[in-house]
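J.: Numbering (our numbering), first residue to last: 81 to 315.
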Amino acid sequence: MPQIKAVIFDLSGVISLKQSTTTYWKKLENERNLPEGSIKKTLLSKEFAAISYDLFTGNRSAEEIEENEFIRLFNRQHNTASEPLPVIRNWFGEGTSAIDLDENVVAAIDALRDAGIKVALLTNNYYLNKQKTVRRLPSDRSRFDVIVESCVEGVMKPHENIYHLTIDRLALRPSECIFVDSQKVHCDTARHVGLKTIYARADEREWMLCELEDMLNEDALSDESYESDSTEQSS
């Protein structure tokens, strides 16, 4: 039998529909009379990265951080006196918790499932509201055999534990899984755990799908070669 039995996908940057939040940020900056580019600068700053650990491990919600740490950091960085900004809750789209998937990736996922290969989602996710009842997830979750979210589990990529957790829920061995992620550090840890990996930059989805197909074809061919050798030895 083929060795590959599951593909584990990241969400943002890999299978979610490409969306630009720049337009929303610019609109908010214009409405609040804020410096151009200031929201993006703060969200991508090292200071916010330090804050985001509590966000992605479920200790704090996006709403809580927006009203406290984020707005204090934003005002300090840009010498402003802004009220809280709903930018973390709306990072992947304004006013929705459902994430649409790239249609080409959806087609690939359907093909995997038709071939008997399990599909998992492993994402660094967060709670949107203070009640911790709303999270951003694919609009159609039925395509995934397993969904693992950092905010639910209390551990985030690239910590090894979240990879082991996903593999355990798939009831497979690391060598039987391919992991696809848009961040190199996440792929490095996955490889250390024993997963086969594809480092998929957000602007290289077509290449990512081709690479996935090549890996699966190579796996199938190696299985056919093994069966052929076994037949010859037994004859």
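Cβ atoms here follow ideal geometry from the backbone N, Cα and C, with glycine treated the same way.
List the whole-angstrom C-beta distance separating A142 from L208, where the pair is believed to meet the contact cut-off of C-beta under 8 Å.
T.: 5 Å
J.: Can the beta-carbon of I278 be found less than 8 Å from the beta-carbon of I258?
T.: I278 places its beta carbon less than 8 Å from that of I258.
J.: Nearest CA to the CA of M236: which residue from H266, I119 and L123?
T.: H266
J.: Can you list, in chain order, the residues of its chain with a C-beta nearer than 7 Å to that of L192? Leave out the 5 residues immediately preceding and following it.
T.: V87 and V199
J.: Can you give me the Cβ contacts of D182 inside the same chain, cut-off strictly under 8 Å, excluding the 5 residues immediately before and after it?
T.: Beyond the five residues adjoining it in sequence on each side, D182 comes within less than 8 Å, by CB distance, of I95, S96, L97, K98 and R285 in the same chain, given in chain order.
J.: From this set, E127, D225 and R215, which residue's C-alpha is nearest V232's C-alpha?
T.: Closest option to V232, Cα to Cα, is R215.
J.: Which same chain residues, not among the five before or five after G93, have their C-beta less than 7 Å away from its C-beta?
T.: S262 and A282
J.: For E144, which residues from the same chain have a beta carbon less than 8 Å from its beta carbon, with the 5 sequence-adjacent residues on both sides left out?
T.: K210
J.: Please return the same chain residues whose Cβ sits closer than 6 Å to the Cβ of Y243, not counting the five positions on each side in sequence.
T.: The beta carbon of Y243 is closer than 6 Å to those of A270 and V273 in its chain, skipping five residues each way along the sequence.
J.: Answer yes or no: do L250 and F224 have a C-beta to C-beta separation smaller than 8 Å?
T.: no
J.: Checking the sheet assignment: what are the DSSP bridge partners for P238?
T.: In the DSSP output, where bridge partners are listed per residue, P238 has none listed.
J.: Return the first residue and the last residue of the beta strand (DSSP E) that F89 is part of.
T.: A86 to F89
J.: What are the partner residues of P218, as DSSP defines its beta bridges?
T.: I179
J.: Using the rule of at least 16 other Cβ atoms within 10 Å of the residue's Cβ for burial, across every protein chain shown, is R169 buried or exposed?
T.: A buried status is given to R169, since no fewer than 16 other beta-carbon atoms sit within 10 Å of its beta-carbon.
J.: Indicate whether at least one CB of chain C lies closer than 8 Å to the CB of V167.
T.: Absent from the structure is chain C; it holds one protein chain and no more.
J.: Once DSSP output is grouped into helix, strand and coil, what is the label at F172?
T.: coil
J.: Comparing C-alpha positions only, which one of V226, S162 and A130 sits nearest to E147?
T.: S162
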